[in-house]
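Okay, structure first, notes after.
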Amino acid sequence: MKKARELSVLCDAEIAVIVFSQRGRLSEFSNHE
């Protein structure tokens with residue numbers, strides 16, 4: 004998620020990332036305000 008945050012700042016873009024691990028754990032990131 005750190006890279007997604009860095010990319011959003013660098014490109015001044017809105018980014019959303021949803022990731023599921025092999026165990027089904029959900030991680031998400033969105034910089035939309």
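Numbering (this note's numbering) for the sequence shown: 4 to 36. Using N, Cα and C, we set each Cβ at its ideal position, and we do this for glycine too.
(1) Taking Cβ positions, are A7 and F32 nearer each other than 8 Å?
(2) Nearest-angstrom Cα distance between L10 and N34?
(3) Counting along the chain, where does the beta strand (DSSP E) carrying A19 start and finish?
From the atom records:
(1) On the sequence shown, residue 7 is found 4 positions in, with the first residue counted as 1. On the sequence shown, residue 32 is found 29 positions in, with the first residue counted as 1. Yes; because the gap between Cβ atoms is below 8 Å, this pair is in contact.
(2) Translated into positions along the sequence shown, residue 10 becomes position 7. Translated into positions along the sequence shown, residue 34 becomes position 31. Whole-angstrom Cα-Cα distance: 11 Å.
(3) In the sequence shown, the residue the question calls residue 19 occupies position 16. Unbroken beta strand (DSSP E) run through A19: 19 to 23.
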